[in-house]
Amino acid sequence: MFPFIMIVSALVFFDSSLHEKIIAFLRRFLSPLSALLGPLSRKRTNNKPFVIKYQKVIIPVLVIFFTIQLVLPWRYLAYPGELFWTEEGYRFSWRVMLMEKMGNTQFKIVDGSGQSFYVQNDDFLTSFQEKQMSFQPDFILEYAHFLGDHYSSQGYKDVKVYVDCYAALNGRTSRRLVDPKANLYQIKDSFQHKDWLLPLEDEIKGL
1 MFPFIMIVSA LVFFDSSLHE KIIAFLRRFL SPLSALLGPL SRKRTNNKPF
51 VIKYQKVIIP VLVIFFTIQL VLPWRYLAYP GELFWTEEGY RFSWRVMLME
101 KMGNTQFKIV DGSGQSFYVQ NDDFLTSFQE KQMSFQPDFI LEYAHFLGDH
151 YSSQGYKDVK VYVDCYAALN GRTSRRLVDP KANLYQIKDS FQHKDWLLPL
201 EDEIKGL
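Anchor point for the sequence shown: position 111 equals 111 in full-length UniProt numbering, and the numbering is continuous, going up by one each time.
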């Protein structure tokens with residue numbers, strides 16, 4: 001949807017004569033519809049005044065809707081750290097085309113006996129899924145829980161899931177994103193700060 005909005009918005013940079021032609025075309029295109037609906041609207045107006053039904057419900061709903069649209073994008077201010085690194089409150093935060101991020105993950109499974117092994121991600125994910133998962137913390141946690149559930153169902157006891165994860169943000173050198181000592185399988189996803197993420201230790205200015 002965003003590309004189409006930008007394409008239409010580009011019309012403001014054209015000469016005003018083009019705008020006049022577009023308006024004239026729309027008038028010709030809509031005139032048959034207007035002629036068809038005109039008698040119906042006049043008949044309805046003559047019978048009784050126009051009244052908006054459910055006005056007492058519509059106004060509060062609109063107020064709540066626009067409040068959410070205006071306030072929710074600022075929720076990232078409630079979290080510490082760099083937004084583009086932790087991605088806490090990133091979605092629906094009016095940030096478009098400002099981040100280039102790549103990652104690499106290697107998951108380690110440890111059972112109750114101390115036996116451990118590494119996971120081949122391509123056994124469970126497509127290349128695109130693995131690419132998207134590798135730098136997005138919520139996807140990393142979701143995938144860790146999937147692995148924990150999978151290997152628990154295979155008969156492994158007291159499963160722990162660790163990840164060795166590196167990410168590169170906006171041309172910076174790759175650095176650890178996730179604490180390698182954190183057992184992701186016991187961490188529940190929530191709106192609280194993800195303290196199992198390591199800080200960027202750098203500042204992104206102007207954003």
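For each residue, glycine too, the CB sits at the ideal point set by N, CA and C.
Within 8 Å, strictly: CB atoms of L109 and V161: One point to set straight first is that residue 109 is Ile, not Leu, in the sequence displayed. It is a contact, given that the beta carbons lie within the stated cut-off.
Helix, strand or coil at V163 according to DSSP, with G and I counted as helix: strand
Cβ neighbours of G112 in the same chain (closer than 7 Å, five flanking residues each side left out): K157 and D158
Cα-Cα separation, residue 214 to E142: Look at the range of the chain in this structure, 1 to 207, and you will see that residue 214 is not part of it.
The alpha helix (DSSP H) enclosing F114, as first and last residue numbers: The question names Phe, yet the displayed sequence has Gly at residue 114. Segment: none, G114 is in no alpha helix (DSSP H) and carries neither H nor E.
Beta carbon of G103 nearer than 8 Å to that of S134: yes
Nearest-angstrom Cβ-Cβ length linking G81 and L177, presumed shorter than 8 Å: No, G81 and L177 are not in contact; Cβ-Cβ is about 11 Å, not under 8 Å.
Inter-residue CB distance, P137 and L197 (contact presumed, cutoff 8 Å): 6 Å
C-beta atoms of K188 and E88 nearer than 8 Å: no
Own chain partners of S93 with C-beta closer than 6 Å, once the 5 adjacent residues on each side are dropped: P73 and Y76
Own chain, CB closer than 8 Å to S190, minus 5 neighbours either side, in chain order: none
Alpha-carbon to alpha-carbon, F65 and I59: 10 Å
Of the residues F4, R175 and L18, the one placed nearest W85, counting alpha carbons only: R175
Cutoff 6 Å; reference R95; Cβ partners in own chain excluding five residues on either side: none
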